[in-house]
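K.L.:
Here it is: the structure, laid out below.
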Amino acid sequence: MGGQLCGALNMSVFALIDCNAFYCSCERICQPALKQMPVVVVSNNDGCIIARTREAKALGIPMGAPYFKVRDQLAAAGVAVRSSNYTLYADISNRVMRTIAELVPAIEVYSVDECWADLTGIVDLAGLGVQIRTRLLRDVGMPVGVGISTTKTLAKLANWAAKKWPATGGVVDLTASARQAKLLRIAPLNEVWGIGRRLAPQLQALGMSTAWDLAQYDIATLRKTFGVTLERTARELRGESCLQMSEGPPPKQAICSSKMFGHRLYELAPIREALATYVTRAAEKLRSQASLCGAIQVGLRTQAHNLHLPRYANALSVALHSPTDDTRDILAPALRALEAIYRPGFAYSKCSILLTDLSRRGEMTMDLFASAPRPGSERLMAVVDAINKREGRGTVRLGRVPVAPAWAMRREMKSQCYTTRWDEVIGVRG
Amino acid sequence: MSLSILGRNQRLEHLLPEARELRITGFQSPAEDEKEGGLSLDALTGLGAPQIWVVRVDDDTLLGFGLYPGDRLVVDRGALCTHEQYVVVDLDGSYRVRLMMRNEEGCLVLRAAQRFTPDIVLGPEAILDVWGAVRWVVSYVGP
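Heads up: the sequence lines are chains A and B, in that order. Throughout the first sequence, residue numbering follows my numbering, covering 1 to 430 in sequence. Throughout the second sequence, residue numbering follows my numbering, covering 1001 to 1143 in sequence.
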């Protein structure tokens, strides 16, 4: 008994904290009327369903369904529909993560709505899980599920159980091996972290149907047939921790900014404006991770799925004279590339900019024969970013970037920026 | 070891005592040591903390509490709610400001700013979900 306790103390313990229907919950926090009705959130350009509350799910509205196909069904069932409001979601995500960070020894933000926490050495695991849930409900209003176990893959499965069975109260402590075995036997394969729609049928063909079957399968065969990733998943299901808390994601190797236009564009002029806007955004991302880019790729395309209209898609890569993070030095070659691939007569739906060949400042040797970089560029960009951060995005911008472009994405059902703009905050009455 | 080679003028400058050491400039003052950062409304109200939210008074229904249309209220959602304070509650799908108090029988009462709105009296067993406690009022009184 003493030895067992000792082992338990040395064991790593992970928690996965995952927000319930995150986008929908954000909308509900700021619009209390939505708490009494099913809610869905649709993607950019009001394209398809990307988030559903439990009630909307129960109505049989599939994830990813094109909005125009389910519009009538949603209206008939009294479902509230919102366009995605990423400004709001980012702020609430930030509140959620900071609240969790106060309560646990270490956290690793995994995505906008979920994070890992290191709970190694905590005595009352379930108690802490309940505390995290209660604090988030009180301080932010965000419902979450907490899954706790000895490996990341098991913690993720515990989180699934916490959401699936309301009787758990949203917290599942899966550190005891007897409980692990019990859950593995009832968890279907496709609920295991990393097993997607493509892999599940292949495993089923080998006679596996539950997480338990995968954990018990011959490790060497798994490695030979499917590679080390699946081997690691199987080991983690057995309670053998292979994935540690990471020290934060490595800087991105490429940065992309691309959005659909609100309606089709035919002329070059508005597409140039759009590209200038996307380049501005991409260069901001580049500077925020303190990288420089050495090459860019500009893409332009018509709608892919409309078979009745002439289709065209092209992309052009350009190497820059020297690595830079200056919006102006990226935009000029990007516009030249756009002009080179633009063909009149097509109905364009999307353009994109991809910044590649990323390096860190001071990491590379300057080209002896390249023209000297613009003087003061680094300071100018820092000032522009600082002003835009304080006064709002787009306060200082290049002349080519319009304030309210005609080609902007459609977000007709978008809610206000309740937490980031003084004149759009939540309203109260007597 | 580091070695720096100084030009002629620099060599002379190098021999002069540092202006800072002499403390003789017109603007230098001993108050420098006591310098502090400016006043911050964030620090005062807690704005920026995850549990602090800002709401806005939509109409004149809160005049009875001295809250005017357009006033911004700083709400602490993490606060422990006690009586005798303004709270934001969700009543039938909209956020309302009420004065939380205790009546003679010891029951919690939610009182509205307008006299004709009846009190909501909570029995001893009732569970009330308070959205947050109003902590500060930001009011524009200029022209």
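No residue lacks a Cβ here, since even glycine has one placed at the ideal position from N, Cα and C. Remember, predicted model here, so these are calculated numbers, not experimental data.
Return the residue from the list A:Gly427, A:Ala304, A:Leu125, A:Thr356 that minimises the CA-CA distance to A:Ser317.
P.N.:
To locate residue 317 of chain A, count along the first sequence from 1; it is residue 317. A:Ser317 has its Cα closest to that of A:Thr356, out of A:Gly427, A:Ala304, A:Leu125, A:Thr356.
K.L.:
By DSSP's criteria, A:Phe14 is part of a beta bridge. Which residues make up the other side?
P.N.:
Locating residue 14 of chain A in the first sequence gives position 14, counting from the first residue. The partner list for A:Phe14 (beta bridge, DSSP) reads A:Asp118, A:Ser149.
K.L.:
So what does DSSP say about A:Pro201, is it helix, strand or coil?
P.N.:
Walking along the first sequence from the start, residue 201 of chain A turns up at place 201. Three-state result, A:Pro201: helix.
K.L.:
Kindly indicate if chain B contains any beta-carbon less than 8 Å away from that of A:Pro310.
P.N.:
Translated into the one-based positions of the first sequence, residue 310 of chain A becomes position 310. With 8 Å as the cut-off, A:Pro310 does not count as an interface residue toward chain B.
K.L.:
May I ask you to report which of helix, strand or coil DSSP gives A:Val228?
P.N.:
Residue numbering aside, residue 228 of chain A sits at position 228 when the first sequence is read from its first letter. Helix.
K.L.:
Can you give me, in chain order, the residues of the segment 159-173 of chain A that have a beta carbon less than 7 Å from any beta carbon in chain B?
P.N.:
If the cut-off is 7 Å between Cβ atoms, the segment 159-173 of chain A has nothing near chain B.
K.L.:
Identify whether A:Thr280 lies in helix, strand or coil by the three-state DSSP scheme.
P.N.:
The residue given as residue 280 of chain A occupies position 280 in the first sequence. Helix at A:Thr280.
K.L.:
Enumerated in chain order, which unbroken segments of the beta strand (DSSP E) with a length of 3 residues or greater are wholly contained in the segment 1033-1065 of chain B?
P.N.:
Those beta strand (DSSP E) runs which fall completely within the segment 1033-1065 of chain B and span 3+ residues are 1052-1057.
K.L.:
Could you tell me the boundaries of the beta strand (DSSP E) in which B:Met1100 lies?
P.N.:
Along the second sequence, one-based indexing puts residue 1100 of chain B at 100. B:Met1100 -> beta strand (DSSP E) spans 1094-1102.
K.L.:
Need the endpoints of the alpha helix (DSSP H) that A:Ser93 sits in, please.
P.N.:
On the first sequence, position 93 is the one that residue 93 of chain A refers to. Element bounds for A:Ser93: 86-103.
K.L.:
Where do the ends of the beta strand (DSSP E) carrying A:Lys259 lie?
P.N.:
Working through the first sequence from its first residue, we reach residue 259 of chain A at position 259. From DSSP, the beta strand (DSSP E) with A:Lys259 extends over 255-265.
K.L.:
Cα separation between A:Lys35 and A:Gln416?
P.N.:
Indexing the first sequence from 1 puts residue 35 of chain A at position 35. Indexing the first sequence from 1 puts residue 416 of chain A at position 416. Approximately 17 Å, taken between the alpha carbons.
K.L.:
Could you check the C-alpha separation between A:Pro249 and A:Val403 for me, to the nearest Å?
P.N.:
Within the first sequence, numbered from 1, the residue matching residue 249 of chain A stands at position 249. Within the first sequence, numbered from 1, the residue matching residue 403 of chain A stands at position 403. Unreliable placement is indicated for A:Pro249, whose pLDDT of 49 sits below 50; the coordinate value is still reported in the next sentence. Their Cα atoms are separated by approximately 33 Å.
K.L.:
With respect to the alpha helix (DSSP H) encompassing A:Gln73, which residues constitute its N-terminal and C-terminal limits?
P.N.:
Start at 1 with the first residue of the first sequence, and residue 73 of chain A comes out as number 73. Segment 67-76, the alpha helix (DSSP H) holding A:Gln73.
K.L.:
A:Glu27: which of A:Val228, A:Ser84, A:Lys57 sits nearest, CA to CA?
P.N.:
In the first sequence, the residue the question calls residue 27 of chain A occupies position 27. For the residues A:Val228, A:Ser84, A:Lys57, the minimum Cα distance to A:Glu27 belongs to A:Ser84.
K.L.:
So A:Thr168 and A:Ala162 are supposed to be a Cβ contact under 8 Å. How far apart are they, rounded?
P.N.:
Residue 168 of chain A sits at position 168 when you count from the first residue of the first sequence. Residue 162 of chain A sits at position 162 when you count from the first residue of the first sequence. The Cβ separation is near 5 Å, so the contact holds.
K.L.:
Using the beta-carbon of each residue, which ones in chain B are nearer than 9 Å to A:Gln36?
P.N.:
On the first sequence, residue 36 of chain A is found 36 positions in, with the first residue counted as 1. Asp1092, Gly1093, listed in chain order.
K.L.:
Determine whether the Cβ of B:Thr1045 lies closer than 8 Å to any Cβ atom of chain A.
P.N.:
Within the second sequence, numbered from 1, the residue matching residue 1045 of chain B stands at position 45. No, B:Thr1045 does not count as interfacial toward chain A.
K.L.:
Buried or exposed: B:Val1088, going by 16 or more other Cβ atoms within 10 Å of its Cβ?
P.N.:
Against the second sequence, residue 1088 of chain B aligns to sequence position 88. Burial call: buried.
K.L.:
Can you find a CB in chain B that lies within less than 8 Å of the CB of A:Arg133?
P.N.:
If you number the first sequence from 1, residue 133 of chain A lands on position 133. Chain B contact via Cβ: absent.
K.L.:
Would you tell me roughly how many angstroms separate the C-alpha atoms of A:Leu203 and A:Thr210, rounded to the nearest one?
P.N.:
As a position in the first sequence, residue 203 of chain A is number 203, starting the count at 1. As a position in the first sequence, residue 210 of chain A is number 210, starting the count at 1. Roughly 10 Å between the two C-alpha positions.
K.L.:
Within the same chain, show all residues whose beta-carbon is closer than 7 Å to that of A:Arg410, passing over the 5 residues directly before and after it, in chain order.
P.N.:
The sequence position of residue 410 of chain A within the first sequence is 410, counting from 1. Counting only Cβ-Cβ distances below 7 Å, and skipping sequence neighbours, we find Asn45, Asp46, Gly262.
K.L.:
Going by Cα to Cα distance, which pick from A:Thr302, A:Ala319, A:Leu154, A:Ile92 is closest to A:Val192?
P.N.:
If you number the first sequence from 1, residue 192 of chain A lands on position 192. Minimum Cα distance to A:Val192 is reached at A:Leu154.
K.L.:
Residues of chain A with a CB under 9 Å from the CB of B:Gln1114: which are they?
P.N.:
Start at 1 with the first residue of the second sequence, and residue 1114 of chain B comes out as number 114. Near B:Gln1114 (Cβ distances below 9 Å), the residues of chain A are Gly430.
K.L.:
Touching or not, the segment 337-354 of chain A and the segment 371-382 of chain A, by the rule of three or more beta carbon pairs under 8 Å?
P.N.:
The segment 337-354 of chain A, when compared against the segment 371-382 of chain A, does not touch it at the 8 Å Cβ threshold.
K.L.:
Decide yes or no for the touch test of the segment 318-327 of chain A against the segment 266-273 of chain A: beta carbon pairs closer than 8 Å, at least 3 of them.
P.N.:
No: fewer than three Cβ pairs fall under 8 Å.
K.L.:
What did DSSP end up calling B:Cys1081 once you bin it into helix, strand or coil?
P.N.:
As a working mapping, residue 1081 of chain B is identified with position 81 in the second sequence. Coil.
K.L.:
Helix or strand or just coil, what does DSSP make of A:Trp160?
P.N.:
Translated into positions along the first sequence, residue 160 of chain A becomes position 160. Helix, per DSSP.
K.L.:
Once you ignore the five residues that flank A:Ile296 on each side, which residues in its own chain have a CB closer than 8 Å to its CB?
P.N.:
Sequence index remark: in the first sequence, residue 296 of chain A carries index 296 (1-based). Only Ser317, Val318, Leu320, Ile330, Pro333, Ala334, Ala337, Ile353, Leu354, Leu355, Thr356 meet the Cβ criterion.
K.L.:
With 8 Å as the threshold, decide whether the Cβ of B:Asp1059 is near any Cβ in chain A.
P.N.:
For this step, residue 1059 of chain B is matched to residue 59 along the second sequence. At least one chain A Cβ lies under 8 Å of B:Asp1059.
K.L.:
Please check if any C-beta of chain B sits within less than 8 Å of the C-beta of A:Val140.
P.N.:
Taking the first sequence and counting its residues from 1, the one referred to as residue 140 of chain A is at position 140. True, the Cβ-Cβ gap to chain B drops below 8 Å.
K.L.:
Please report how far the alpha carbon of A:Ile61 lies from the alpha carbon of A:Ala215, in whole angstroms.
P.N.:
In the first sequence, counting from the first residue as 1, residue 61 of chain A sits at position 61. In the first sequence, counting from the first residue as 1, residue 215 of chain A sits at position 215. Approximately 33 Å between the Cα atoms of the pair.
K.L.:
Could you work out which residue in A:Val401, A:Arg311, A:Cys24, A:Ala290 is closest to A:Met142 when comparing CA atoms only?
P.N.:
In the first sequence, the residue the question calls residue 142 of chain A occupies position 142. Of A:Val401, A:Arg311, A:Cys24, A:Ala290, the residue nearest in Cα terms is A:Cys24.
K.L.:
What does DSSP give as the partner residues of A:Cys293 in its beta bridges?
P.N.:
The residue given as residue 293 of chain A occupies position 293 in the first sequence. Beta-bridge pairing links A:Cys293 to A:Thr324, A:Leu358.
K.L.:
Would you grab the beta carbon distance between A:Ile255 and A:Ile132 for me? Rounded to a whole angstrom, and I think it's under 8 Å.
P.N.:
The sequence position of residue 255 of chain A within the first sequence is 255, counting from 1. The sequence position of residue 132 of chain A within the first sequence is 132, counting from 1. The Cβ separation is near 33 Å, so there is no contact.
K.L.:
Grab the span of the beta strand (DSSP E) containing B:Asp1129 for me, first residue to last.
P.N.:
Within the second sequence, numbered from 1, the residue matching residue 1129 of chain B stands at position 129. That residue, B:Asp1129, is in no beta strand (DSSP E); it is neither H nor E in DSSP.
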